[in-house]
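2 protein chains.
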Amino acid sequence: MSAADWIAVDWGTSNLRLWRMAADGTVLDRAESEAGMGRLAPEEFEPTLLELLPDLDAETPVIVCGMAGARQGWAEAPYVKTPCTPPGIAEAIAVPTRDPRLTVRILPGVAQDRPADVMRGEETQVSGFLALNPRFDGVICLPGTHSKWVHVSAGEIVSFRSFMTGEIFELLSQKSVLRHGLGGGWDDASFAEGVDQAMGRPAAFAAELFTLRAEGLLHGLTPEKATARLSGLLIGMELAAAKPYWLGQSVALLGASKLVAHYRSALETLAVPVVIADAERMTLEGLKAARKTEKTE
Amino acid sequence: MSAADWIAVDWGTSNLRLWRMAADGTVLDRAESEAGMGRLAPEEFEPTLLELLPDLDAETPVIVCGMAGARQGWAEAPYVKTPCTPPGIAEAIAVPTRDPRLTVRILPGVAQDRPADVMRGEETQVSGFLALNPRFDGVICLPGTHSKWVHVSAGEIVSFRSFMTGEIFELLSQKSVLRHGLGGGWDDASFAEGVDQAMGRPAAFAAELFTLRAEGLLHGLTPEKATARLSGLLIGMELAAAKPYWLGQSVALLGASKLVAHYRSALETLAVPVVIADAERMTLEGLKAARKTEKTE
Numbered sequence: 012m013s014a015a016d017w018i019a020v021d022w023g024t025s026n027l028r029l030w031r032m033a034a035d036g037t038v039l040d041r042a043e044s045e046a047g048m049g050r051l052a053p054e055e056f057e058p059t060l061l062e063l064l065p066d067l068d069a070e071t072p073v074i075v076c077g078m079a080g081a082r083q084g085w086a087e088a089p090y091v092k093t094p095c096t097p098p099g100i101a102e103a104i105a106v107p108t109r110d111p112r113l114t115v116r117i118l119p120g121v122a123q124d125r126p127a128d129v130m131r132g133e134e135t136q137v138s139g140f141l142a143l144n145p146r147f148d149g150v151i152c153l154p155g156t157h158s159k160w161v162h163v164s165a166g167e168i169v170s171f172r173s174f175m176t177g178e179i180f181e182l183l184s185q186k187s188v189l190r191h192g193l194g195g196g197w198d199d200a201s202f203a204e205g206v207d208q209a210m211g212r213p214a215a216f217a218a219e220l221f222t223l224r225a226e227g228l229l230h231g232l233t234p235e236k237a238t239a240r241l242s243g244l245l246i247g248m249e250l251a252a253a254k255p256y257w258l259g260q261s262v263a264l265l266g267a268s269k270l271v272a273h274y275r276s277a278l279e280t281l282a283v284p285v286v287i288a289d290a291e292r293m294t295l296e297g298l299k300a301a302r303k304t305e306k307t308e
Numbered sequence: 012m013s014a015a016d017w018i019a020v021d022w023g024t025s026n027l028r029l030w031r032m033a034a035d036g037t038v039l040d041r042a043e044s045e046a047g048m049g050r051l052a053p054e055e056f057e058p059t060l061l062e063l064l065p066d067l068d069a070e071t072p073v074i075v076c077g078m079a080g081a082r083q084g085w086a087e088a089p090y091v092k093t094p095c096t097p098p099g100i101a102e103a104i105a106v107p108t109r110d111p112r113l114t115v116r117i118l119p120g121v122a123q124d125r126p127a128d129v130m131r132g133e134e135t136q137v138s139g140f141l142a143l144n145p146r147f148d149g150v151i152c153l154p155g156t157h158s159k160w161v162h163v164s165a166g167e168i169v170s171f172r173s174f175m176t177g178e179i180f181e182l183l184s185q186k187s188v189l190r191h192g193l194g195g196g197w198d199d200a201s202f203a204e205g206v207d208q209a210m211g212r213p214a215a216f217a218a219e220l221f222t223l224r225a226e227g228l229l230h231g232l233t234p235e236k237a238t239a240r241l242s243g244l245l246i247g248m249e250l251a252a253a254k255p256y257w258l259g260q261s262v263a264l265l266g267a268s269k270l271v272a273h274y275r276s277a278l279e280t281l282a283v284p285v286v287i288a289d290a291e292r293m294t295l296e297g298l299k300a301a302r303k304t305e306k307t308e
């Protein structure tokens, strides 16, 4: 196994991804673990990292982004406030380690005062996207558990807004009375119908949810259609509120393939031009951008 | 223990309430159990009922309302369709029992074709309210896990709409990321602020939720304020969608005291006149109304 020049880590709430990097920016190998920040006490981060690096060489820099920098994480990396460039190594905090082979820095998240909002991890994806698209001016949408809409201009994060869309979908489909009528599969027309309904009458959300249940009982609504319409209702409500972000803008969608495809289909119905980028790749590009500034400091 | 003339039962999803009734309509005694329909297989209903009636006399009529009549309950009591008077004993189904001392009937729920909607139990509360207020013409709101708005005219249920407001509140406050920032206590001003926000911009719901989390992290939003604002956001969104029901109407609120007080405070801000009735009492009055029609048949 060849020695890593440095280590890139995306340490989220529920899992962590790690890349051993060569000096020229290529990936030597990649590891993944479910030892997310949510499961670890502060003193458990260092041993968790070392387990994933059995052949660690002397004094290897480690650059971390994500929830490991939260107050309840490994060590708090205080937020940088908007408007700001995506934080780089200059804003990172150094984390003391017991093992002298590790030199760990954690990149901070970004906070916004009003409306109050926070991100940890997405700022590194934005940074990676901007590294690959330095002239991009517009809106980056990061669908997920807590979807983010980020207005980027002249290389800065100008403002952003988070939506609990993904988490509400998970709760409703797994823990609510609706779970009895939902299932695998998908139906494009039902998704589009849900988007339309929610954009037209967002206030009726809690009623439209119960209608899904009642249509299942009375009219035999299928689980695929119910699931797609639920997703449409939630994404439609988000798009209605995010209109100041996407109206007249080009939107870059960063995320995992299936979810991004749903957002793209809804945005294209609204005649919003969309480009798509893979979220994991953008994270790695963002960590690489931070590493570059470290080397030139 | 004096012999009961008949037994009134409100058999819901998560619990059941039972009253042993005298011939003159007074309550001899009341029992409660957590053996709700959600925990019972069809064959377990009869033994559960018998356990609560240790001194049962010969051939006692039992009148049941609620989820015991659902497809997954004791025996299905098919819905009556709107517009309709609240179903009485003529629409009830007879349930065969092994014990010859029991004569069980289950009152059906009410269904609406478009928008698809269903109720089981609330129709009996409406019936009870109408028994006490026979000339009532207007809207009955039953806040709860699945809040109902019921338009009543000339003794009939004309139309209704259900909202998953209460269930969403429970899920968000107990299972979502928001649980870290919520707590006991209450703040009237924060509740009113949430109602205002949601009525003004209902689509922003999923964003306002995340703002609760971010204000906790950045600006020290207290758990009481966050809880009250969350409740206000949900009730405000419901009120925005239910406007065709309450606008220019008098509204009767049927429910448990704390929740009803929140709905009343929000409705009074909108200059909607409100009368309040206790939900459990209305259920019993509805079962008594059904018993009366049985005796005269």
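In order, the protein sequence lines correspond to chains B and S. Per the working numbering, the very first residue in the first sequence carries number 12; after that it's consecutive. Per the working numbering, the very first residue in the second sequence carries number 12; after that it's consecutive. The C-beta atom is built at its ideal place from N, Cα and C for all residues, glycine as well.
- Under the Cβ criterion of 7 Å, residue 221 of chain B is counted among the residues facing chain S.
- Ranked by Cα distance from residue 202 of chain B, the first of B:239, B:211, B:235, B:159 is B:239.
- Taking the Cβ atoms as the reference, residue 137 of chain B lies roughly 6 Å from residue 168 of chain B, within the contact range of under 8 Å.
- Of all residues in the stretch 178-198 of chain B, only 178, 179, 182, 186, 187, 188 place a beta-carbon less than 7 Å from a beta-carbon of chain S.
- Shortest Cα-Cα distance from residue 250 of chain B to any of B:181, B:56, B:228, B:154 involves B:154.
- Linking residue 304 of chain B to residue 298 of chain B through their CA atoms gives a straight-line distance of about 10 Å.
- Three or more beta-carbon pairs separated by less than 8 Å are not found between the stretch 216-227 of chain B and the stretch 251-260 of chain B, which leaves the two stretches without contact.
- If you check the CB distance, residue 247 of chain S and residue 205 of chain S come in under 7 Å.
- Partner residues in a beta bridge of residue 216 of chain B, as assigned by DSSP, do not exist.
- For residue 18 of chain S, the closest C-alpha among the options S:48, S:65, S:52 is that of S:65.
- With respect to the 7 Å criterion, residue 73 of chain B and residue 39 of chain B are not classified as neighbours on the basis of their beta carbons.
- Within chain B, the residues 129 have their CB atoms less than 7 Å from the CB of residue 228 of chain S, given in chain order.
- A straight-line Cα-Cα distance of about 6 Å links residue 86 of chain B and residue 80 of chain B.
- The DSSP-derived three-state label of residue 123 of chain S is strand.
- Between residue 130 of chain S and residue 159 of chain S, the CB-CB gap stays under 7 Å.
- Taking 7 Å as the CB threshold, residue 174 of chain S lines the interface with chain B.
- A Cβ of chain B is located within less than 7 Å of the beta carbon of residue 249 of chain S.
- Against chain B, the CB of residue 162 of chain S has no partner CB under 7 Å away; the residue lies outside that interface.
- At a cut-off of 7 Å, the C-beta of residue 215 of chain S has a neighbouring C-beta in chain B.
- Short of 6 Å from the beta carbon of residue 69 of chain B, and not among the five residues preceding or following it, lie these beta carbons of its own chain, in chain order: 112.
- Cβ-Cβ distances below 6 Å link residue 209 of chain B to 244, 247, 248 in the same chain, with the five nearest sequence neighbours on each side left out; the list follows chain order.
- Listed in chain order, the beta strand (DSSP E) elements of length 3 or more contained wholly in the stretch 224-290 of chain B are 262-266, 285-289.
- Between residue 221 of chain B and the set S:157, S:161, S:278, the nearest pair of CA atoms involves S:157.
- Here residue 224 of chain S is buried, its C-beta having at least 16 other C-beta atoms within 10 Å.
- Proximity of the stretch 45-55 of chain B to the stretch 14-33 of chain B meets the contact definition, three or more beta-carbon pairs being nearer than 8 Å.
- Apart from the 5 residues on each side of it in sequence, residue 193 of chain S sits with its Cβ closer than 6 Å to the Cβ of 184, 234, 237, 238 in its chain, given in chain order.
- Setting aside the 5 residues that flank it on each side, residue 75 of chain S is surrounded in the same chain by 20, 22, 117, each with a C-beta closer than 6 Å to its C-beta; the list follows chain order.
- Cβ neighbours of residue 147 of chain S within its own chain (closer than 8 Å, five residues either side excluded): 140, 141, 163, 263.
- No Cβ of chain B is located within less than 7 Å of the beta carbon of residue 86 of chain S.
- Residues of the stretch 32-61 of chain S with a C-beta atom less than 9 Å from some C-beta of chain B do not occur.
- For residue 157 of chain S, the chain B residues whose Cβ falls inside 8 Å of its Cβ are 188, 221, in order along the chain.
- In the structure shown, residue 114 of chain B falls within a strand segment according to DSSP collapsed to helix, strand and coil.
- Taking 7 Å as the CB threshold, residue 200 of chain B stays off the interface with chain S.
- Taking CB atoms only, residue 234 of chain S has no neighbour in chain B less than 7 Å away.
- Annotated as proximal: residue 296 of chain S and residue 143 of chain S, with beta-carbon spacing under 7 Å.
- About 26 Å separates the beta carbon of residue 37 of chain B from that of residue 46 of chain B, a gap too long to meet the 8 Å contact definition.
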